[in-house]
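Asker: According to this note's numbering, the sequence shown is numbered sequentially starting from 46. Even for Gly, the Cβ is constructed at its ideal location relative to N, Cα and C. Just so it is clear, the structure is predicted and the values come from calculations on it, not from any experiment. Shown below is the structure under consideration.
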Amino acid sequence: MLDVYTFFIKEFKKLLDFPLPANQYFLPRPYRNSSVQFRKCRLEDYEERVEILESVGLNAFFFPAQKIPGCDLLSDSGTTTMTIEQWSQLLLGDEAYGANEGYFELKEQIFETFGQEWRQAVPQIENMFIFHQGRAAEYALFAQLAYLLKQKGYNLNEIIIPSNSHFDTTQANIENQQMIALNLPCQEHLTNNEQYPFRGNIDLKRLEEYLEQKSSQIPLVYLTITNNTVGGQPVSMANIRQTREITQRYQIPLFLDASRFAENAWFIKHKEKGYHSKTIQEIVYEMFQYCDGFHASFKKDGLVNIGGMLVIKPNGLFYQKYPQFWQRLIDHQILIEGNPSYGGLAGRDLKALVQGLKTVVNEDYLTYRIKQVEKFGNKLIEYNIPIIRPIGGHAIYIDVDKFFNQKGADEDFLGISLTALMLIAGHRLCELGLYAFGKYRNGQEILPRPRVNYVRAAIPRLVYEDQDLLAVAEAIKVLYNNQDNIPGVEVIYGRELPLRHFKSRFKFKI
Ligand SMILES: *Cc1c(COP(=O)(O)O)cnc(C)c1O
């Protein structure tokens with residue numbers, strides 16, 4: 046090769062070296078826009094947004110999405126932009142009532158994505174259950190598990206399901222069956238520390254203690270990958286493997302809440318020793334070797350706007366322990382979701398999901414995705430805004446206590462103030478703190494324990510460009526630099542209600 050080529054190839058490659066200096070131009074996106082959606086509102090319409098905000102009682106959930114000119118970072122769930130391959134599959138959807146084409150394709154894709162050991166062992170015994178979203182799969186699993194446990198004579202109040210941290214709907218579904226959802230997040234990683242890239246791990250020591258003392262009360266152990274509740278933090282392969290070793294010793298099935306399985310695999314590849322030369326696909330196969338079942342909301346790493354699933358490993362521990370489970374699950378689906386071959390979705394949705402699962406393990410996509418979140422987080426760090434570190438896979442979490450340097454009373458709910466003022470700036474974030482997790486009982490506010498006080502910016506997949514997110518960072522900086530001008534809020538409706546953050550109304554305390 047001519048020297049001129051080799052010289053410049055070497056120079057160009059330096060542009061891609063990680064970690065990139067903070068201000069360096071980033072990777073080009075590994076995709077192109079194939080369709081665009083113009084906003085129906087303008088950034089300059091600040092006064093209009095004030096009116097709307099007041100009319101919805103400062104509650105971000107009620108704020109109409111079409112009036113948000115900037116980034117809507119309320120959730121990364123079901124908010125993905127689909128690829129042209131996915132859109133083409135929607136047109137090819139087979140809407141047959143029974144055994145539609147997408148069902149067979151999805152089954153094959155599940156084996157492709159998660160490994161051939163998930164393939165049915167006996168044709169008539171179903172092991173893959175489609176649902177319209179993750180929580181419907183959770184409801185089905187825990188309702189049928191509770192039924193079978195009760196039949197075996199267990200007292201449901203004593204049943205414990207440990208996890209690195211259950212997602213809130215998972216926890217609610219366990220508790221709805223009168224069982225105990227136990228969170229065992231690892232201790233050493235609880236503080237912000239860049240040296241622990243796997244803050245999502247389970248505390249193996251405490252898990253083992255529980256299994257030693259109470260194994261008869263524990264029908265399942267769960268790992269959420271990535272661990273959403275502690276900030277979208279990944280779980281290491283070593284932690285998954287060791288959890289498997291411990292649960293195997295006590296003959297207790299291990300399940301994954303796999304909603305962000307591909308993002309978790311990316312972190313393993315890039316942050317865990319021994320995985321750098323493996324492909325994302327190989328890492329996914331290994332993760333799923335260690336479990337007996339999984340459920341997922343495919344509104345995340347399925348890259349679709351709707352869909353979820355529960356899958357049981359043929360001949361796994363769960364399958365052996367509850368041979369009647371699949372029959373009950375099928376009945377549940379027929380009662381609630383429709384024919385099991387579409388599980389509450391349209392046939393076309395299944396085909397879009399097949400394509401989404403093919404795309405999501407693409408390493409260029411994942412690198413761009415996770416680096417985009419990191420770049421946004423790094424901009425906030427540059428502005429001295431306190432966030433959970435290391436930066437997780439799908440969201441940035443602003444630490445509200447540190448943001449206000451402990452000023453203000455707990456009952457000012459300053460996280461709500463932040464989300465309200467961010468809407469005026471033109472962007473939507475989500476309070477996940479003293480209001481969302483606190484309770485009001487007998488005229489008294491009960492704070493969440495352990496104390497969590499965050500405002501989350503969740504990044505939808507394939508939707509925004511870097512500059513959109515940097516604009517959000519700049520608006521947050523304005524609030525940070527002028528925090529003495531941010532008043533607390535007063536709750537004018539719904540303080541005592543369950544799931545109150547979805548329903549409440551507020552006004553600024555002036
Ligand atoms: C979103 C989510 C769920 C619930 O899924 P839905 O599709 O929202 O019902 C469960 N677990 C995790 C980790 C999630 O992120």
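Can you list the residues near ligand 2, meaning Cβ strictly closer than 6 Å to any non-hydrogen atom, in the order they appear in the chain?
Answerer: This structure lacks ligand 2; the ligands present are ligand 1.
Asker: What distance in whole Å lies between the Cβ atoms of L103 and H472, which are believed to be in contact at a cut-off of 8 Å?
Answerer: Against the sequence shown, residue 472 aligns to sequence position 427. Against the sequence shown, residue 103 aligns to sequence position 58. That belief does not hold up - the Cβ atoms of H472 and L103 are roughly 15 Å apart, past 8 Å.
Asker: Return the chain-ordered list of same chain residues with a C-beta closer than 6 Å to the C-beta of L256, the five sequence neighbours on each side being excluded.
Answerer: Position 211 of the sequence shown holds residue 256. Closer than 6 Å at Cβ, skipping near neighbours: Y295.
Asker: Tell me the residue span of the beta strand (DSSP E) that contains D302.
Answerer: The residue you call residue 302 lines up with position 257 of the sequence shown. 299-302 is the extent of the beta strand (DSSP E) around D302.
Asker: Can you tell me the Cα-Cα spacing of I443 and G388, whole angstroms?
Answerer: By one-based count along the sequence shown, residue 443 stands at place 398. By one-based count along the sequence shown, residue 388 stands at place 343. In a straight line, the C-alpha of I443 is about 37 Å away from that of G388.
Asker: Within the same chain, show all residues whose beta-carbon is closer than 7 Å to that of Q512, passing over the 5 residues directly before and after it, in chain order.
Answerer: Start at 1 with the first residue of the sequence shown, and residue 512 comes out as number 467. If we look at Q512 and ignore the five residues flanking it on each side, it has no Cβ neighbours.
Asker: Identify which residue in Y480, K416, P532, I426 has its Cα closest to the Cα of R506.
Answerer: By one-based count along the sequence shown, residue 506 stands at place 461. Selected option, being the one with the closest Cα: K416.
Asker: Determine, using beta carbons only, whether T214 and V508 come nearer to each other than 7 Å.
Answerer: Taking the first residue of the sequence shown as position 1, residue 214 is located at position 169. Taking the first residue of the sequence shown as position 1, residue 508 is located at position 463. No, Cβ-Cβ distance for T214 and V508 is not below 7 Å.
Asker: Measuring alpha carbon to alpha carbon, tell me which residue in N450, V356, G453, L227 is nearest E153.
Answerer: In the sequence shown, the residue the question calls residue 153 occupies position 108. For the residues N450, V356, G453, L227, the minimum Cα distance to E153 belongs to V356.
Asker: Buried or exposed, going by whether 16 or more other CB atoms sit within 10 Å of the CB of D529?
Answerer: Taking the first residue of the sequence shown as 1, we reach residue 529 at position 484. With fewer than 16 Cβ atoms within 10 Å of its Cβ, D529 is classed as exposed.
Asker: Based on the DSSP output, what are the partners of F174 in its beta bridges?
Answerer: Here residue 174 refers to the residue found at position 129 of the sequence shown. L355, per the DSSP bridge assignment.
Asker: Using the C-alpha atoms, what's the distance from R251 back to P109?
Answerer: As a working mapping, residue 109 is identified with position 64 in the sequence shown. As a working mapping, residue 251 is identified with position 206 in the sequence shown. Rounded to whole angstroms, P109 to R251 spans 44 Å at the Cα level.
Asker: Just reading off the beta strand (DSSP E) that F339 is part of, what are its end residues?
Answerer: One-based indexing of the sequence shown puts residue 339 at position 294. From DSSP, the beta strand (DSSP E) with F339 extends over 338-342.
Asker: In whole angstroms, what is the alpha-carbon distance linking E92 and S100?
Answerer: Start at 1 with the first residue of the sequence shown, and residue 92 comes out as number 47. Start at 1 with the first residue of the sequence shown, and residue 100 comes out as number 55. Going by the C-alpha atoms only, they are around 13 Å apart.
Asker: Given a cut-off of 7 Å, decide if D409 and P75 are closer than it, judged by their beta-carbon atoms.
Answerer: By 1-based counting over the sequence shown, the position of residue 75 is 30. By 1-based counting over the sequence shown, the position of residue 409 is 364. Yes, Cβ-Cβ distance for P75 and D409 is below 7 Å.
Asker: Measuring only the C-alpha atoms, how far is I521 from Q178?
Answerer: Position 476 of the sequence shown holds residue 521. Position 133 of the sequence shown holds residue 178. Distance between the alpha carbons of I521 and Q178: 32 Å.
Asker: With V406 and I325 assumed to form a contact (beta carbons below 8 Å), what rounded beta-carbon distance in angstroms separates them?
Answerer: Along the sequence shown, one-based indexing puts residue 406 at 361. Along the sequence shown, one-based indexing puts residue 325 at 280. 5 Å between Cβ atoms; contact.
Asker: Could you check how far apart the C-beta atoms of K548 and G533 are, in whole angstroms? I think they sit under 8 Å.
Answerer: Numbered from its first residue, the sequence shown carries residue 548 at position 503. Numbered from its first residue, the sequence shown carries residue 533 at position 488. Between G533 and K548 the Cβ distance is about 20 Å, and since that is not below 8 Å, they are no contact.
Asker: Could you tell me if G319 is buried or exposed, where buried requires 16 or more neighbouring beta carbons within 10 angstroms of its beta carbon?
Answerer: Here residue 319 corresponds to residue number 274 of the sequence shown, with the count starting at 1. Result: exposed.
Asker: Any idea if E183 is buried or exposed, counting beta-carbon neighbours within 10 angstroms, 16 or more meaning buried?
Answerer: Here residue 183 refers to the residue found at position 138 when the sequence shown is read from its first residue. Counting Cβ neighbours within 10 Å, E183 comes out buried, since at least 16 surround it.
Asker: According to DSSP, is D90 part of a helix, a strand, or is it coil?
Answerer: Stepping through the sequence shown from its first residue, residue 90 is reached at position 45. Three-state result, D90: coil.
Asker: Decide if Y499 is buried, meaning its Cβ has at least 16 other Cβ atoms within 10 Å, or exposed.
Answerer: By one-based count along the sequence shown, residue 499 stands at place 454. Y499 is buried by the Cβ-count criterion.
Asker: If you draw a straight line from the C-alpha of I263 to the C-alpha of T412, how long is it?
Answerer: Start at 1 with the first residue of the sequence shown, and residue 263 comes out as number 218. Start at 1 with the first residue of the sequence shown, and residue 412 comes out as number 367. Using only the alpha carbons, I get a separation of about 37 Å.
Asker: Pull up the distance between the alpha-carbon of E327 and that of I291, whole angstroms please.
Answerer: Start at 1 with the first residue of the sequence shown, and residue 327 comes out as number 282. Start at 1 with the first residue of the sequence shown, and residue 291 comes out as number 246. The straight-line gap from Cα to Cα measures roughly 23 Å.
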